[in-house]
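Written out below as structure tokens is the structure these notes cover.
In the numbering used here, the protein residues as written are 2 to 183.
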């Protein structure tokens, strides 16, 4: 009788060890997958996409204070009137790409903005007045862009701190998520 029970105990011991090993392998596999997904997520949201929150109403009505902004970092060929995320004095801002290198800007007392002699109005409902510090007509220097906010009478933009280096343009806005009381 003793010899019959031993194989049963040995088979139970082997079965328990196999189960423990399978559970351990499962946890290791899960941990590896979590680390892999974390690395992919980190790379996506630091190198490919940019997520930030809008502060102030410089881009009102297109972007409101508190809106969540998702930008695409890999695009480097911007078109005029693209909404971009850029750094100015170390702070992320959102603005409209108005002019690129070698473009000539003119602003007059009527609030009209001209780029290369063409009136730029589009959907902007606020007039564009010159601010102190830049003389117009103004030629955008090489490797720089001129960025303006949509709420032209109440925003801080390239009229205040000058043109922005192309390297300081972080990405193009691809999605705006409205805050709505969050």
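Idealized CB from N, CA, C, for every residue including glycine.
A quick note: this is a predicted structure, and the numbers were derived from the prediction, not measured.
Query: Residue 141 to residue 166 span [Cα, whole Å]; Result: 10 Å
Query: Test item: CB-CB of residue 82 and residue 123 under 8 Å; Result: yes
Query: Status (buried if at least 16 other CB within 10 Å, exposed otherwise) for residue 86; Result: buried
Query: Environment of residue 159 [buried if 16+ CB atoms lie within 10 Å]; Result: buried
Query: Close-in-space but distant-in-sequence residues of the same chain around residue 13 (CB under 7 Å, 5 per side omitted); Result: none
Query: Limits of the unbroken beta strand (DSSP E) element including residue 50; Result: 50-54
Query: Residue 46: first and last residue of the uninterrupted alpha helix (DSSP H) it sits in; Result: That residue, residue 46, is in no alpha helix (DSSP H); it is neither H nor E in DSSP.
Query: Assumed close pair residue 84, residue 99 - CB separation to whole angstroms, cut-off 8 Å; Result: Not really, about 11 Å apart at Cβ, beyond 8 Å.
Query: Buried or exposed (CB count within 10 angstroms, at least 16 for buried), residue 147; Result: buried
Query: Residue 4 - DSSP class collapsed to helix/strand/coil; Result: Here residue 4 scores only 49 on pLDDT, less than 50, and its place in the model is too uncertain to base an answer on.
Query: N- and C-terminal bounds of the beta strand (DSSP E) containing residue 97; Result: 92-101
Query: Element boundaries [alpha helix (DSSP H), containing residue 162]; Result: 159-162
Query: Beta-carbon gap between residue 74 and residue 51 smaller than 8 Å; Result: yes
Query: Residue 87 in three-state terms, based on DSSP; Result: strand
Query: Cβ distance (whole Å) where residue 79 is taken to contact residue 173 below 8 Å; Result: 6 Å
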